[in-house]
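Novice: For reference, the structure I am asking about is given below.
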Amino acid sequence: MSQETVIYLVNLLIGVILAGVLSQYWRLEASGQSLRLWIVAAWTLAAADLFFVGRSMLPQGMVPRFLPTITVTCGHALLLLAAQHTAERPLQKRPITLIVVSHLLLLLIMRAVPSIQGWRAVSNSLVWGALSLAAALVLWRSGHRMRELMRFPAMVMGFQAVFHASRSLLATQAVVDSSAVQSAAVQMLGDVEVSLFMVALFVGVLVAYLRQGNADLRTALDNVHQLSSMLPLCAWCNKVRDDDGYWRRIEEYLSEHKVSVTHSMCESCATKHFDEFGADRPVSK
Numbered sequence: 001m002s003q004e005t006v007i008y009l010v011n012l013l014i015g016v017i018l019a020g021v022l023s024q025y026w027r028l029e030a031s032g033q034s035l036r037l038w039i040v041a042a043w044t045l046a047a048a049d050l051f052f053v054g055r056s057m058l059p060q061g062m063v064p065r066f067l068p069t070i071t072v073t074c075g076h077a078l079l080l081l082a083a084q085h086t087a088e089r090p091l092q093k094r095p096i097t098l099i100v101v102s103h104l105l106l107l108l109i110m111r112a113v114p115s116i117q118g119w120r121a122v123s124n125s126l127v128w129g130a131l132s133l134a135a136a137l138v139l140w141r142s143g144h145r146m147r148e149l150m151r152f153p154a155m156v157m158g159f160q161a162v163f164h165a166s167r168s169l170l171a172t173q174a175v176v177d178s179s180a181v182q183s184a185a186v187q188m189l190g191d192v193e194v195s196l197f198m199v200a201l202f203v204g205v206l207v208a209y210l211r212q213g214n215a216d217l218r219t220a221l222d223n224v225h226q227l228s229s230m231l232p233l234c235a236w237c238n239k240v241r242d243d244d245g246y247w248r249r250i251e252e253y254l255s256e257h258k259v260s261v262t263h264s265m266c267e268s269c270a271t272k273h274f275d276e277f278g279a280d281r282p283v284s285k
């Protein structure tokens, strides 16, 4: 078994574990569409590692050379969509799809023209780096609360963009100098970086959602504590004095503390105000 295959197997194992942990957390906590997109991206990148393993272990030609590469591009595209959804930005599905399709066409052209295949690493790094940079900027420019939660994933995506920019320069030099050794080193560097990137990114995403869940729980406990304490009510209009000293309708006060209010009528009030209607008076529920 070659060193390249071992690296691919390690990356596959790491990807499956991370995607499985994220999936289990999402299933138990029902964290919504935002985390679901991160999970789909994680499984997509794990599938890319599986294709890389198959390409290195199976007979040549059974796994097309472009298949794992374009799967990585799809994974990065999903990461950008996940970042946009997390930051509550509109999902730019059409431009992102166009980038993926364009990269696929470029890979097919390079496969058909062997003389330019040496530029594959350059084009791959440019596409992946651009998608990573876009995701980092989206997370960094989100609202203050979300930016604080997703600060580390945004930094990881930014470092990923810088890495691919450097890798594209090294790959360009390898093509210009026709250095097979340098080209192999660039490929090996990218394979090793994948595992570090996935661990840092998806662990950071999971920690961010755990922090968000903890903050929501603290807010809920604070609301329960506030509602379980003494409420200053006006003896005449039943308004509530809030923490700032303002008198507000009790419905508004309870709504701010995440308590839903519905109105009905007790039996004594129904008898008092609608007794003349007899059996047709409103009945409380």
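The letter at position 45 of the sequence shown is residue 45 when you use UniProt numbering, and the numbering goes up by one with no holes.
Think of the CB as a built atom: it goes at the ideal place given N, C-alpha and C, for glycine as much as any other residue.
Output needed for Thr-44: all residues of its chain with C-beta closer than 7 Å, excluding positions within five of it in sequence on either side, in chain order.
Specialist: So the qualifying residues of the chain are Thr-71, Cys-74, Gly-75 and Leu-78.
Novice: Let me confirm a value: Tyr-8 is counted as buried when at least 16 other C-beta atoms fall within 10 Å, else exposed. Which label applies?
Specialist: Under this definition Tyr-8 is a buried residue.
Novice: For Leu-45, which beta-bridge partners are listed by DSSP?
Specialist: Note: Leu-45 sits in no beta bridge, so no partner.
Novice: Can you tell me which of the three DSSP states Ser-284 falls into?
Specialist: Low per-residue confidence applies at Ser-284: pLDDT is 48, beneath 50, and the placement is therefore not dependable, though the value from the model is reported in the following sentence. Three-state result, Ser-284: coil.
Novice: Do the CB positions of Phe-202 and Gln-160 come within less than 7 Å of each other?
Specialist: Result no, Cβ atoms of Phe-202 and Gln-160 do not sit closer than 7 Å.
Novice: Could you tell me the alpha carbon to alpha carbon distance between Leu-126 and Arg-147, rounded to whole angstroms?
Specialist: Distance between the alpha carbons of Leu-126 and Arg-147: 26 Å.
Novice: For the segment 115 to 203, list the beta strand (DSSP E) runs that are entirely contained and at least 3 residues long, ordered along the chain.
Specialist: Counting whole runs of 3 or more residues, the segment 115 to 203 contains no beta strand (DSSP E) stretch at all.
Novice: Would the beta-carbon of Gly-158 fall within 7 Å of that of Ala-136?
Specialist: It is a contact, given that the beta carbons lie within the stated cut-off.
Novice: Measure the C-alpha to C-alpha separation of Ala-19 and Ala-46 and round it to an integer number of angstroms.
Specialist: Their Cα atoms are separated by approximately 8 Å.
Novice: Opposite Arg-241 in the DSSP bridges: which residues?
Specialist: According to DSSP, which records beta bridges pairwise, Arg-241 is partnered with Trp-247.
Novice: Determine whether the beta carbon atoms of Phe-152 and Glu-193 lie at a separation below 7 Å.
Specialist: Not in contact: Phe-152 and Glu-193 (Cβ atoms no closer than 7 Å).
Novice: Quick one: grab the DSSP three-state call for Leu-233.
Specialist: Reduced to three states, the DSSP call for Leu-233 is strand.
Novice: Let me know if Met-150 comes out buried or exposed under the rule of 16 or more other beta-carbons within 10 Å of its beta-carbon.
Specialist: When all chains shown are included, Met-150 counts as buried.
Novice: What span of residues does the alpha helix (DSSP H) with Gln-3 cover, start to end?
Specialist: Gln-3 -> alpha helix (DSSP H) spans 3 to 29.
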